[in-house]
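J.:
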Amino acid sequence: MIEAQGLTKVYGDKTAVDSVNFTVQAGRVTGFLGPNGAGKSTTMRMIMGLDRPTAGTVTVNGEPFARHAAPLREIGALLDAKAVHTGRSAYNHLLAMAATHSIPKKRVREVIEITGLADVANKKVKGFSLGMGQRLGIAAALLGDPQTIILDEPVNGLDPEGVVWVRTMVRYLASEGRTVFLSSHLMSEMALTADHLIVIGRGRIIADAPIKDIINGKGQSRTRVRTDQPDRLMNALAGDGVSAELQDRELLEVKGTDPRRIAQTALEHQVLIYELTPLQASLEEAYMELTKDAVEYHSLTTTGAPVPAQPGGK
Amino acid sequence: MSTATFTQPGGAGTNPASPSREAGPSFPRVLNSEFIKFRTLLSTLILLASTAVVMVGFGALSAWGTGSFADAASSDPQAAEAMAAQGGDLAVTVPTSGIGFAQLILGSLGVLLMSSEFTTGMARSTFAAVPKRIPAFLAKLVVILVSTFLLTAASTYIAGLVAVPILDNYGLKLDLASSQSVKLLLVSSLYVAAVAAIGMALGTLIRNSAGGIMSLVGLFFVAPIAFQLIPGDFFEEARKYLPGNTINPMTAVEHVPETLEAWQAALVLGAWVVVPVVLAMVLLKTRDV
Numbered sequence: 274m275i276e277a278q279g280l281t282k283v284y285g286d287k288t289a290v291d292s293v294n295f296t297v298q299a300g301r302v303t304g305f306l307g308p309n310g311a312g313k314s315t316t317m318r319m320i321m322g323l324d325r326p327t328a329g330t331v332t333v334n335g336e337p338f339a340r341h342a343a344p345l346r347e348i349g350a351l352l353d354a355k356a357v358h359t360g361r362s363a364y365n366h367l368l369a370m371a372a373t374h375s376i377p378k379k380r381v382r383e384v385i386e387i388t389g390l391a392d393v394a395n396k397k398v399k400g401f402s403l404g405m406g407q408r409l410g411i412a413a414a415l416l417g418d419p420q421t422i423i424l425d426e427p428v429n430g431l432d433p434e435g436v437v438w439v440r441t442m443v444r445y446l447a448s449e450g451r452t453v454f455l456s457s458h459l460m461s462e463m464a465l466t467a468d469h470l471i472v473i474g475r476g477r478i479i480a481d482a483p484i485k486d487i488i489n490g491k492g493q494s495r496t497r498v499r500t501d502q503p504d505r506l507m508n509a510l511a512g513d514g515v516s517a518e519l520q521d522r523e524l525l526e527v528k529g530t531d532p533r534r535i536a537q538t539a540l541e542h543q544v545l546i547y548e549l550t551p552l553q554a555s556l557e558e559a560y561m562e563l564t565k566d567a568v569e570y571h572s573l574t575t576t577g578a579p580v581p582a583q584p585g586g587k
Numbered sequence: 074m075s076t077a078t079f080t081q082p083g084g085a086g087t088n089p090a091s092p093s094r095e096a097g098p099s100f101p102r103v104l105n106s107e108f109i110k111f112r113t114l115l116s117t118l119i120l121l122a123s124t125a126v127v128m129v130g131f132g133a134l135s136a137w138g139t140g141s142f143a144d145a146a147s148s149d150p151q152a153a154e155a156m157a158a159q160g161g162d163l164a165v166t167v168p169t170s171g172i173g174f175a176q177l178i179l180g181s182l183g184v185l186l187m188s189s190e191f192t193t194g195m196a197r198s199t200f201a202a203v204p205k206r207i208p209a210f211l212a213k214l215v216v217i218l219v220s221t222f223l224l225t226a227a228s229t230y231i232a233g234l235v236a237v238p239i240l241d242n243y244g245l246k247l248d249l250a251s252s253q254s255v256k257l258l259l260v261s262s263l264y265v266a267a268v269a270a271i272g273m274a275l276g277t278l279i280r281n282s283a284g285g286i287m288s289l290v291g292l293f294f295v296a297p298i299a300f301q302l303i304p305g306d307f308f309e310e311a312r313k314y315l316p317g318n319t320i321n322p323m324t325a326v327e328h329v330p331e332t333l334e335a336w337q338a339a340l341v342l343g344a345w346v347v348v349p350v351v352l353a354m355v356l357l358k359t360r361d362v
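For the protein sequence lines, the chains are Y and L, in the order given.
If you number the first sequence the way the working numbering does, the last residue is 587 and the count never jumps.
If you number the second sequence the way the working numbering does, the last residue is 362 and the count never jumps.
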């Protein structure tokens, strides 16, 4: 379990993390989502005792990280795939890390196996692709068989197979009752991996809730309706929090009600409808909605067009 | 390739009942880790090997040069005078004639040992494993002190072994077991280890390889010359207290007037090691990694 209380980090005149409070529970995957520069990595470095908080505290299993007698056995972290001397081989890197906690060579070989690095374990890290670097970072995080695992952008640079592998791994680790805390700016990845989501923007927590609540709560459900009498249907639907917008000559987008009630209304008013598509808010949209005021670096174009809900999707 | 591993129980190697479950970063373990890191970098091994080659090579060259000089001295009264002014026994300093290069290379190794942690990002792994940080620093310090001392001592001895037959050709005697030979070997090796420790402290403070090495070069090679060129008694006096100028008083057979006594020079060098090392530890503990 990770607990942050009033956690603050100020660099010069910039507040990277602004008095945040959150708890990461064991037994589930907690996603830490936020735009670039939102304070995700800074928060994770403070958890690992690498950066000193300007104010507030963060504890891992009840104690600040540095106070634990065997820190690597308590919490394992991938903070940066490049936290390795590139002149050393993957095996020797892990061996040196393991030596600090008397972790046997057998375990070093085990994490190399688990992360699929066996073929390159004796090669210098210099030649590693970003994905191999990520795997090595994850191997290092798993070395001490820790109860709590922190992964900063673990799927960054991984090929599709690697992405699936990370997803399977973190789900498995959480199912064993471990605390898994992973950050990403890829909301789609979070939708597939995380059970719980902490959303951060400009150093503040914007949302802290189960992932389903975030999707349902923030992204309003919409329905796309095609009809040859859009005006008549709009009038019939109007009122009681329902709003409809004419998007094309015979195309409506209706908010605030569900497809069944739209069909019912159409039937009652004898309006023919020939398309009725529920548009589920994607996590992307929910996320954009949540962070629209908290994005550090705005781009000129915006995304977030509604996508048709997929059967079996979230 | 390993997706299946996580669907099998024990795939992550869970074994909470293992007896070493609580084994944390004790000093011997951190020392072992730092030694593994030290010996598994090719760049470290190249610097160590270069030092040995330079020390032995300069020993041989110096033996040849000293022999030629002694030959010339026997037929040239001027050269004989010059030799007498040097204290008579030139042969004894032959094995340590490469020490100036050894201190530059091994001092740079000291800088790199710590600066590379920060430039590569390895520091995040190192200090996540040893969050108290100071044990990792001290372990590195022990590794660099011991390795540079042993390497310098061994290289000096081998340089001596190579020099003896060359000097013999010119009729000069070098006794490697003489008290002055042993003293030169030990003091020079300690001196080089001290320079490497200063380098490591600079690497910790500056966190940049080029910056650290240039500071070291500035302190040991530029400052002595600059202090000599700047007129005024202050710089003349201060020059004696530069770390690079402590080696001669410490190895002199007899005290040379206008220089520090051997014990004073040793104290000055000690201060040059302790002050940056303590400062480095304080800042390492308080700064963000």
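Glycine included, each C-beta is placed from N, C-alpha and C at the ideal position.
Within a Cβ cutoff of 8 Å, which residues of the same chain sit near Val-167 (chain L), ignoring the five residues on either side of it in sequence?
T.: Gly-132, Ser-135, Ala-136, Thr-139, Ala-232, Gly-233, Ala-236, Leu-240, Leu-247
J.: Following the continuous beta strand (DSSP E) through Pro-349 (chain L), name the residue where it begins and the one where it ends.
T.: Note, Pro-349 (chain L): premise wrong, no beta strand (DSSP E); alpha helix (DSSP H) at 335-359.
J.: Just to confirm my understanding: we take Ser-282 (chain L), look at its own chain, exclude 5 residues before and 5 after, and list those with CB closer than 8 Å. What are they?
T.: Excluding sequence neighbours, Ser-282 (chain L) sits near Val-184, Leu-185, Ser-188, Ser-189, Thr-192, Gly-276.
J.: Return no unless some Cβ of chain L is closer than 8 Å to the Cβ of Ala-343 (chain Y).
T.: yes
J.: Less than 8 Å separating the beta-carbons of Ala-209 (chain L) and Leu-345 (chain Y)?
T.: no
J.: State yes or no: is the beta carbon of Gly-86 (chain L) nearer than 8 Å to at least one beta carbon in chain Y?
T.: Here the model assigns Gly-86 (chain L) a pLDDT of 43, short of 50, so the residue's position is not dependable, and the following value carries that caveat. So yes, Gly-86 (chain L) belongs to the interface.
J.: Does the region 341-357 of chain Y come close enough to the region 374-390 of chain Y to have 3 or more Cβ pairs within less than 8 Å?
T.: yes
J.: For Val-348 (chain L), verify whether its CB is less than 7 Å away from any heavy atom of the ligand HEM.
T.: Absence of the ligand HEM is noted for the structure shown, with no ligands found whatsoever.
J.: Helix, strand or coil for Gly-492 (chain Y) per DSSP?
T.: Note on Gly-492 (chain Y): pLDDT 48, under 50, position unreliable in the model; the coordinate value appears next. Coil.
J.: Determine the DSSP secondary structure at Val-357 (chain Y), reduced to helix, strand or coil.
T.: It is coil, neither helix nor strand.
J.: Pick helix, strand or coil for Leu-351 (chain Y), following the three-state DSSP scheme.
T.: strand
J.: Measuring CB to CB, does Gly-406 (chain Y) end up less than 8 Å from Val-398 (chain Y)?
T.: yes
J.: Compute the beta-carbon to beta-carbon distance between Ala-270 (chain L) and Leu-352 (chain L), rounded to the nearest angstrom, for a pair I have assumed lies under 8 Å.
T.: Their Cβ separation, rounded to whole angstroms, is 13 Å, which puts Ala-270 (chain L) and Leu-352 (chain L) out of contact at 8 Å.
J.: Which residues in the same chain as Thr-296 (chain Y) place their Cβ atom closer than 6 Å to its Cβ, once the five residues preceding and following it in sequence are excluded?
T.: Glu-276
J.: Name the residue from Y:Thr-466, Y:Leu-323, Y:His-341, Y:Leu-552 whose alpha carbon lies nearest to the alpha carbon of Lys-441 (chain Y).
T.: The sequence given here places Thr at residue 441 (chain Y); Lys does not occur at that position. Its Cα nearest to that of Thr-441 (chain Y), the residue Y:Thr-466 stands out among Y:Thr-466, Y:Leu-323, Y:His-341, Y:Leu-552.
J.: Between the alpha carbons of Ile-473 (chain Y) and Val-302 (chain Y), how many angstroms are there, rounded?
T.: 16 Å
J.: Which chain B residues sit within Cβ distance under 7 Å of Thr-373 (chain Y)?
T.: Looking for chain B here will not work: the only protein chains present are Y and L.
J.: To which residues of the same chain is Phe-338 (chain Y) closer than 7 Å at the C-beta, ignoring the five residues directly before and after it?
T.: Ile-320, Met-321, Gly-322, Pro-344, Ile-348
J.: Measure from the C-beta of Val-357 (chain Y) to each C-beta in chain L and report whether the shortest distance is under 8 Å.
T.: yes
J.: Check the Cβ-Cβ distances between Gly-492 (chain Y) and every residue of chain L, and say whether any is below 8 Å.
T.: Here the model assigns Gly-492 (chain Y) a pLDDT of 48, short of 50, so the residue's position is not dependable, and the following value carries that caveat. False, the Cβ-Cβ gap to chain L never drops below 8 Å.
J.: Are the C-beta of Asp-531 (chain Y) and some C-beta of chain L separated by less than 8 Å?
T.: no
J.: Quick one: give me the first and last residue of the beta strand (DSSP E) that Lys-256 (chain L) is part of.
T.: Premise fails: Lys-256 (chain L) lies in the alpha helix (DSSP H), 252-279, not in any beta strand (DSSP E).
J.: Counting Cβ pairs, one atom from each stretch, are 3 or more of them under 8 Å apart for the region 510-523 of chain Y and the region 356-366 of chain Y?
T.: no
J.: Between the Cα of Met-317 (chain Y) and those of Y:Pro-308, Y:Asn-309, Y:Val-331, Y:Gly-335, spot the shortest distance and give me the residue it belongs to.
T.: Y:Val-331
J.: Is Asp-432 (chain Y) closer than 8 Å to Gly-404 (chain Y) when the C-beta atoms are compared?
T.: yes
J.: Give the residues of chain Y in contact with Ile-109 (chain L), contact being defined as C-beta atoms less than 7 Å apart.
T.: Asn-365, Leu-368, Ala-369, Ala-372
J.: Which of the three DSSP states is assigned to Ser-402 (chain Y) in this structure?
T.: coil
J.: How far does the alpha helix (DSSP H) with Ser-456 (chain Y) in it reach, from first residue to last?
T.: No alpha helix (DSSP H) contains Ser-456 (chain Y), which is instead part of the beta strand (DSSP E) from 452-457.
J.: Taking a cut of 7 Å between CB atoms, which residues from the region 113-134 of chain L lie near chain Y?
T.: Thr-113, Leu-114, Leu-115, Ser-116
J.: Is there at least one Cβ from chain L nearer than 8 Å to Met-405 (chain Y)'s Cβ?
T.: no
J.: So that I know if they touch, is there some Cβ in chain L lying closer than 8 Å to that of Gly-400 (chain Y)?
T.: no
J.: Would Ile-471 (chain Y) and Asp-481 (chain Y) be called neighbours here (beta carbons separated by less than 8 Å)?
T.: yes
J.: At what residues does the beta strand (DSSP E) containing Asp-291 (chain Y) begin and finish?
T.: Residue range 287-297 is occupied by the beta strand (DSSP E) that includes Asp-291 (chain Y).
J.: Can you confirm whether Gly-180 (chain L), when its beta carbon is compared against all beta carbons of chain Y, has any partner nearer than 8 Å?
T.: no
J.: Taking the Cβ atom as the reference point for each residue, do Thr-319 (chain L) and Val-341 (chain L) lie within a distance shorter than 8 Å?
T.: yes
J.: Looking at the strands, I want to know which residues DSSP matches up with Tyr-284 (chain Y).
T.: Y:Lys-287
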